[in-house]
Amino acid sequence: ETTAAPVASAEVSHDFGAPVLELSGVGHEYGSRTPWAKTALRDVSFVVHQGDGLLIHGGNGSGKSTLAWIMAGLTVPTTGSCLLDGRPTSDQVGAVALSFQAARLQLMRSRVDLEVASAAGFSPEELDRVATALAVVGLDSALANRRIDQLSGGQMRRVVLAGLLARSPRALILDEPLAGLDAATQRGLLRLLEELRREQGLTVVVISHDFVGLEELCPRTLHLSNGVLEPASTTVGGR
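Numbered by our numbering, the letters in the sequence shown go through residues 41 to 279 in order.
Here it is as C-alpha coordinates:
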(Lines of atoms letter the chains of each structure in order from A; the text may use other names.)
(Lines give C-alpha, C1' and ligand atoms only; values in the text may rest on other atoms or scores of the structure.)
Protein backbone atom coordinates (compact mmCIF):
# COMPACT_ATOMS: atom_id res chain seq x y z
CA GLU A 41 0.00 0.00 0.00
CA THR A 42 1.30 3.46 -0.88
CA THR A 43 0.84 6.81 0.79
CA ALA A 44 -1.54 9.39 -0.60
CA ALA A 45 -0.23 11.72 -3.27
CA PRO A 46 1.00 15.15 -2.21
CA VAL A 47 -1.53 17.93 -2.61
CA ALA A 48 -1.65 19.16 -6.19
CA SER A 49 -0.58 22.70 -7.01
CA ALA A 50 -0.58 24.64 -10.24
CA GLU A 51 3.03 25.72 -9.91
CA VAL A 52 6.04 24.43 -8.00
CA SER A 53 8.73 26.92 -7.07
CA HIS A 54 12.35 25.89 -6.63
CA ASP A 55 15.76 27.49 -6.79
CA PHE A 56 17.73 25.12 -8.98
CA GLY A 57 20.02 26.03 -11.84
CA ALA A 58 19.64 26.34 -15.59
CA PRO A 59 17.22 24.14 -17.56
CA VAL A 60 18.66 20.75 -18.49
CA LEU A 61 15.68 18.82 -19.86
CA GLU A 62 12.74 20.62 -21.48
CA LEU A 63 9.67 18.67 -22.53
CA SER A 64 7.03 20.48 -24.57
CA GLY A 65 3.76 18.93 -25.72
CA VAL A 66 5.20 15.42 -25.62
CA GLY A 67 2.83 12.73 -26.78
CA HIS A 68 3.51 9.12 -27.68
CA GLU A 69 1.47 6.45 -29.39
CA TYR A 70 2.42 2.82 -29.89
CA GLY A 71 1.30 1.11 -33.09
CA SER A 72 0.33 4.35 -34.79
CA ARG A 73 -2.04 4.02 -37.74
CA THR A 74 -2.88 0.43 -36.85
CA PRO A 75 -6.05 -1.06 -35.33
CA TRP A 76 -4.17 -1.70 -32.08
CA ALA A 77 -2.77 1.82 -31.66
CA LYS A 78 -2.40 2.81 -28.00
CA THR A 79 -1.72 6.28 -26.62
CA ALA A 80 0.84 6.26 -23.80
CA LEU A 81 1.39 10.01 -23.28
CA ARG A 82 -0.63 13.14 -24.04
CA ASP A 83 0.67 16.72 -24.16
CA VAL A 84 3.29 16.35 -21.41
CA SER A 85 5.26 19.53 -20.64
CA PHE A 86 7.72 20.28 -17.85
CA VAL A 87 11.30 21.42 -17.24
CA VAL A 88 14.05 19.72 -15.24
CA HIS A 89 16.73 22.10 -13.95
CA GLN A 90 20.36 21.56 -13.03
CA GLY A 91 20.52 20.00 -9.55
CA ASP A 92 16.79 19.27 -9.57
CA GLY A 93 15.31 16.32 -7.71
CA LEU A 94 12.09 15.32 -9.44
CA LEU A 95 9.78 12.41 -8.70
CA ILE A 96 7.46 11.31 -11.51
CA HIS A 97 4.80 9.26 -9.78
CA GLY A 98 2.29 6.99 -11.45
CA GLY A 99 0.72 3.57 -11.30
CA ASN A 100 1.04 0.70 -13.74
CA GLY A 101 0.14 1.76 -17.26
CA SER A 102 0.41 5.47 -16.48
CA GLY A 103 3.08 6.03 -19.15
CA LYS A 104 5.95 6.74 -16.77
CA SER A 105 8.35 4.19 -18.30
CA THR A 106 7.68 5.55 -21.78
CA LEU A 107 8.40 9.02 -20.44
CA ALA A 108 11.69 7.82 -18.92
CA TRP A 109 12.82 6.37 -22.25
CA ILE A 110 11.94 9.60 -24.05
CA MET A 111 13.92 11.66 -21.51
CA ALA A 112 16.89 9.33 -21.97
CA GLY A 113 16.71 9.74 -25.74
CA LEU A 114 15.96 6.07 -26.33
CA THR A 115 12.47 6.75 -27.73
CA VAL A 116 11.48 9.61 -30.03
CA PRO A 117 8.09 11.08 -29.06
CA THR A 118 5.28 10.87 -31.61
CA THR A 119 4.45 14.54 -31.01
CA GLY A 120 6.16 17.41 -29.20
CA SER A 121 9.81 17.66 -28.22
CA CYS A 122 12.22 16.58 -25.51
CA LEU A 123 15.35 18.74 -25.47
CA LEU A 124 18.60 18.35 -23.56
CA ASP A 125 20.48 21.64 -23.38
CA GLY A 126 18.38 22.86 -26.30
CA ARG A 127 18.92 19.84 -28.58
CA PRO A 128 16.82 16.68 -29.05
CA THR A 129 17.74 14.05 -26.46
CA SER A 130 17.48 11.39 -29.17
CA ASP A 131 20.52 13.00 -30.82
CA GLN A 132 22.50 12.68 -27.56
CA VAL A 133 21.91 9.11 -26.39
CA GLY A 134 23.99 8.46 -23.27
CA ALA A 135 24.05 12.06 -22.10
CA VAL A 136 21.07 11.27 -19.86
CA ALA A 137 21.73 8.08 -17.90
CA LEU A 138 18.92 5.62 -17.23
CA SER A 139 19.03 3.07 -14.41
CA PHE A 140 16.57 0.22 -14.99
CA GLN A 141 14.27 -1.17 -12.32
CA ALA A 142 15.90 -4.61 -12.63
CA ALA A 143 19.58 -3.82 -12.05
CA ARG A 144 20.66 -7.36 -12.95
CA LEU A 145 19.36 -6.94 -16.50
CA GLN A 146 21.58 -3.87 -16.95
CA LEU A 147 24.77 -5.67 -15.91
CA MET A 148 26.22 -7.22 -19.06
CA ARG A 149 29.72 -8.25 -17.94
CA SER A 150 30.82 -11.08 -15.66
CA ARG A 151 32.89 -9.02 -13.23
CA VAL A 152 32.50 -5.67 -11.48
CA ASP A 153 35.57 -3.97 -12.97
CA LEU A 154 34.65 -5.10 -16.48
CA GLU A 155 31.10 -3.85 -16.03
CA VAL A 156 32.04 -0.42 -14.67
CA ALA A 157 34.70 0.16 -17.32
CA SER A 158 32.43 -0.97 -20.15
CA ALA A 159 29.53 1.22 -19.03
CA ALA A 160 31.79 4.23 -18.48
CA GLY A 161 33.76 3.82 -21.69
CA PHE A 162 37.29 3.22 -20.41
CA SER A 163 39.63 0.23 -20.09
CA PRO A 164 39.28 -2.12 -17.08
CA GLU A 165 43.07 -1.92 -16.87
CA GLU A 166 42.67 1.67 -15.66
CA LEU A 167 42.43 0.49 -12.07
CA ASP A 168 42.42 3.97 -10.55
CA ARG A 169 39.41 4.98 -12.61
CA VAL A 170 37.55 1.80 -11.66
CA ALA A 171 38.36 2.40 -7.97
CA THR A 172 37.25 6.04 -8.21
CA ALA A 173 33.96 5.07 -9.87
CA LEU A 174 33.26 2.52 -7.13
CA ALA A 175 34.18 4.99 -4.39
CA VAL A 176 31.68 7.55 -5.72
CA VAL A 177 28.85 5.09 -5.01
CA GLY A 178 30.26 3.96 -1.67
CA LEU A 179 31.80 0.65 -2.78
CA ASP A 180 35.27 -0.56 -1.78
CA SER A 181 37.80 -1.03 -4.58
CA ALA A 182 38.29 -4.62 -3.38
CA LEU A 183 34.92 -5.34 -4.97
CA ALA A 184 36.35 -4.72 -8.43
CA ASN A 185 37.29 -8.36 -8.97
CA ARG A 186 34.02 -9.74 -7.62
CA ARG A 187 31.76 -11.64 -9.98
CA ILE A 188 28.46 -9.91 -10.70
CA ASP A 189 26.46 -12.95 -9.65
CA GLN A 190 28.08 -12.79 -6.20
CA LEU A 191 26.68 -9.32 -5.46
CA SER A 192 23.66 -8.44 -3.36
CA GLY A 193 20.76 -6.54 -4.93
CA GLY A 194 21.94 -3.29 -3.37
CA GLN A 195 25.50 -3.80 -4.59
CA MET A 196 24.26 -4.51 -8.11
CA ARG A 197 22.33 -1.26 -8.14
CA ARG A 198 25.41 0.66 -6.98
CA VAL A 199 27.60 -0.98 -9.62
CA VAL A 200 25.12 0.14 -12.28
CA LEU A 201 25.28 3.67 -10.87
CA ALA A 202 29.09 3.56 -10.76
CA GLY A 203 29.26 2.92 -14.49
CA LEU A 204 26.60 5.47 -15.34
CA LEU A 205 27.98 8.27 -13.15
CA ALA A 206 31.55 7.73 -14.38
CA ARG A 207 30.30 9.00 -17.76
CA SER A 208 29.40 12.34 -16.11
CA PRO A 209 25.81 12.39 -17.42
CA ARG A 210 23.83 15.62 -17.60
CA ALA A 211 21.02 13.93 -15.68
CA LEU A 212 20.28 10.59 -14.04
CA ILE A 213 16.91 8.84 -14.38
CA LEU A 214 16.14 6.05 -11.91
CA ASP A 215 13.27 3.67 -12.65
CA GLU A 216 11.89 2.29 -9.35
CA PRO A 217 15.33 2.51 -7.63
CA LEU A 218 14.11 1.03 -4.33
CA ALA A 219 12.35 -2.00 -5.80
CA GLY A 220 13.47 -5.31 -4.32
CA LEU A 221 15.76 -3.76 -1.69
CA ASP A 222 15.43 -4.23 2.07
CA ALA A 223 14.80 -1.17 4.26
CA ALA A 224 18.43 -0.70 5.33
CA THR A 225 19.69 -0.93 1.75
CA GLN A 226 17.02 1.52 0.61
CA ARG A 227 18.12 4.06 3.22
CA GLY A 228 21.76 3.71 2.23
CA LEU A 229 21.01 4.17 -1.46
CA LEU A 230 18.83 7.21 -0.78
CA ARG A 231 21.55 8.82 1.36
CA LEU A 232 24.04 8.32 -1.45
CA LEU A 233 21.76 9.86 -4.07
CA GLU A 234 20.84 12.77 -1.79
CA GLU A 235 24.53 13.55 -1.22
CA LEU A 236 25.28 13.42 -4.95
CA ARG A 237 22.41 15.77 -5.72
CA ARG A 238 23.10 18.27 -2.95
CA GLU A 239 26.90 18.28 -2.97
CA GLN A 240 27.71 17.65 -6.63
CA GLY A 241 24.65 19.16 -8.28
CA LEU A 242 23.57 15.87 -9.86
CA THR A 243 20.23 16.23 -11.63
CA VAL A 244 17.99 13.34 -10.55
CA VAL A 245 14.65 12.14 -11.91
CA VAL A 246 13.00 9.23 -10.11
CA ILE A 247 10.24 7.17 -11.72
CA SER A 248 8.16 5.41 -9.07
CA HIS A 249 4.71 4.17 -8.08
CA ASP A 250 5.39 5.21 -4.47
CA PHE A 251 6.37 8.31 -2.47
CA VAL A 252 7.71 6.71 0.70
CA GLY A 253 11.22 7.86 1.63
CA LEU A 254 11.73 9.96 -1.50
CA GLU A 255 10.86 13.39 -0.09
CA GLU A 256 14.45 14.51 0.58
CA LEU A 257 15.82 13.25 -2.72
CA CYS A 258 12.91 14.62 -4.74
CA PRO A 259 11.47 17.90 -3.43
CA ARG A 260 9.36 18.13 -6.59
CA THR A 261 6.67 15.64 -7.61
CA LEU A 262 4.68 15.31 -10.83
CA HIS A 263 1.83 12.83 -11.01
CA LEU A 264 1.21 10.90 -14.23
CA SER A 265 -2.18 9.29 -14.78
CA ASN A 266 -3.28 7.64 -18.02
CA GLY A 267 -0.56 9.49 -19.89
CA VAL A 268 -1.57 12.93 -18.61
CA LEU A 269 0.66 14.92 -16.28
CA GLU A 270 -0.77 16.62 -13.22
CA PRO A 271 1.49 18.95 -11.16
CA ALA A 272 1.88 18.16 -7.48
CA SER A 273 4.24 19.42 -4.79
CA THR A 274 6.03 17.64 -1.99
CA THR A 275 6.33 19.45 1.33
CA VAL A 276 9.68 18.11 2.52
CA GLY A 277 13.16 18.29 1.06
CA GLY A 278 14.95 20.54 -1.35
CA ARG A 279 18.21 22.33 -0.93
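We put the beta carbon where it would ideally sit given N, CA and C, even for glycine.
Asked	Found
Can you look up residue 53 in the DSSP assignment and give me helix, strand or coil?	Low confidence applies here, because residue 53 scores a pLDDT of 41, under 50, leaving its location unreliable and the question unanswered by this model.
Find the nearest neighbour of residue 181 within the set 152, 189, 252 and 196, judged by alpha-carbon distance.	152
Let me check understanding here. Comparing Cα to Cα, which of 131, 117, 161 and 70 lies closest to residue 101?	70
Grab the span of the beta strand (DSSP E) containing residue 66 for me, first residue to last.	59 to 70
Which two residues bound the contiguous beta strand (DSSP E) that contains residue 137?	136 to 139
What are the boundary residues of the beta strand (DSSP E) that residue 85 is part of?	78 to 89
Excluding five sequence neighbours on each side, which residues of the same chain lie with their C-beta closer than 6 Å to the C-beta of residue 219?	141
I need the straight-line Cα distance from residue 184 to residue 171, nearest angstrom please.	7 Å
Distance check for residue 222 and residue 244, CA to CA, integer angstroms please.	22 Å
I need the straight-line Cα distance from residue 52 to residue 106, nearest angstrom please.	Bear in mind that the predicted position of residue 52 carries a pLDDT of just 40, short of 50, making it unreliable; the figure below should be weighed with that in mind. Straight-line Cα distance between these residues: approximately 23 Å.
Does DSSP put residue 215 in a helix, a strand or coil?	strand
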